[in-house]
Structures are given as C-alpha cells and as structure tokens.
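The structure under discussion appears below in the form of structure tokens.
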Amino acid sequence: MTTALVVGDLQRGITGNYGFARQVLPPLEELLPRVRATGALVVHIHTAFRVNRADLPPGNALFASFHEAGDTFHEGSPGIKLDLPVHSEDVVVRKRRTSAFVGTDLDLVLRARGVDTVVLAGVATSAMVAATAYDAADRGYRVTVLADACADGDPAVHEFFLEKVFPGRGFEVRRCADWR
6 MTTALVVGDL QRGITGNYGF ARQVLPPLEE LLPRVRATGA LVVHIHTAFR
56 VNRADLPPGN ALFASFHEAG DTFHEGSPGI KLDLPVHSED VVVRKRRTSA
106 FVGTDLDLVL RARGVDTVVL AGVATSAMVA ATAYDAADRG YRVTVLADAC
156 ADGDPAVHEF FLEKVFPGRG FEVRRCADWR
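Just remember that the numbering used here sits 5 ahead of the position in the sequence shown, which is counted from 1.
Structure representation (structure tokens):
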C-alpha cells in the first residue's frame, strides 16, 4: 500500500476545548478500521511543546499562545494524549510547528514505507491540514483532504479551503465514505 492516512492534532486538549474539533471524531472512528484493513499506514500527529519553552520561537505570539494554553499542548500533560485509538501498526509523530513535516521524522517514515499519497484529516483545516498539505505536495506526495474529517473554528474558512484553496492547488477533496 502506498497511501498513508495522516490524522493531525486530534488530542484531548484540543477536542476537549474546541467544539469544532469533536465533530471529526465520529467519521474517523468509522473510517480507521477500513483504512487499516487496506494495509494503508495510519499516522497520528499531535502537538506538544516543552514546558521550559525551549522549542518556541522568540517573539512569536501564535506559538506563545499555544504554550500558554497549558495542558492542551504541554509535553507530558494529559492534553496531548490522542483522542482516537492507536494500534500497534500505527505511527505516532510529535510535532512542534503547524506542519506535520517540520522538525519531525514524518517524511522519513513515509518514504521508508514507500508512501506516495497522503490523505489528511484533523484540525484545523486552515492550519495543520493546510500547512501539512503544502509541505506534502512540495515533497512530491499526492495529497487528498478528507472534507468531513477535518474542521476549522470558522466554518466559512473551512469551506473556503475545501472548495477553493485545496482544489486550486491540485489536492483531491473527498469524504470518508469515499475511501476506497
């Protein structure tokens, strides 16, 4: 199988604090067994920052606000625990930036498995999903975004990305029910 389902930032601190994030859990809970049955790789991505701020860019208000959210994003806290079941054949990647590729071994894992297509899910559509999609395309992967398995705090922004931005960049947009 040359496909990987990359599920980003569906960790307890996010799904517990941001209602829009919870809506993608049911479609993914239904999809994951089908994905695994095809032999596709499942990769769970979660965000965690060091409590001592060693991995935060100085003067960056966005990352500072994430750090200030405390247990939602702090290494070792309950908030970074994944909110979907992880199986032994799955891969878990910790990230410290918006894209799942930046500063992680995601590309190494995908290439080691011969993956050429990434299917993206998670939150937020305009952040992790978009940044990871752009990075994946830049690295030569085909990109699919699962419309009902990603969400954004602003539904209009979510729809804009799904209807305009992603198709305009050549990314396929489909629903979980359409997974092969």
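Glycine is no exception: its CB is placed at the ideal position from the N, C-alpha and C atoms.
Check: Tell me, to the nearest whole angstrom, how far the beta carbon of Gly13 is from that of Ala105; I am working on the premise that it is less than 8 Å.; Outcome: 6 Å
Check: Considering just the uninterrupted stretch of the alpha helix (DSSP H) at Gly18, what are its terminal residues?; Outcome: 17-22
Check: Identify the continuous alpha helix (DSSP H) that holds Val162 and give its terminal residues.; Outcome: 160-165
Check: Tell me the rounded alpha-carbon separation between Ala192 and Asp157.; Outcome: For the chain, the structure presents residues 6 to 185; residue 192 sits outside this window and is missing.
Check: Between the C-alpha atoms of Glu73 and Leu30, what's the straight-line distance to the nearest angstrom?; Outcome: 25 Å
Check: Just to confirm, are Thr109 and Val120 a CB contact at a threshold of 8 Å?; Outcome: no
Check: Under 8 Å between the Cβ atoms of Gly18 and Asp76?; Outcome: yes
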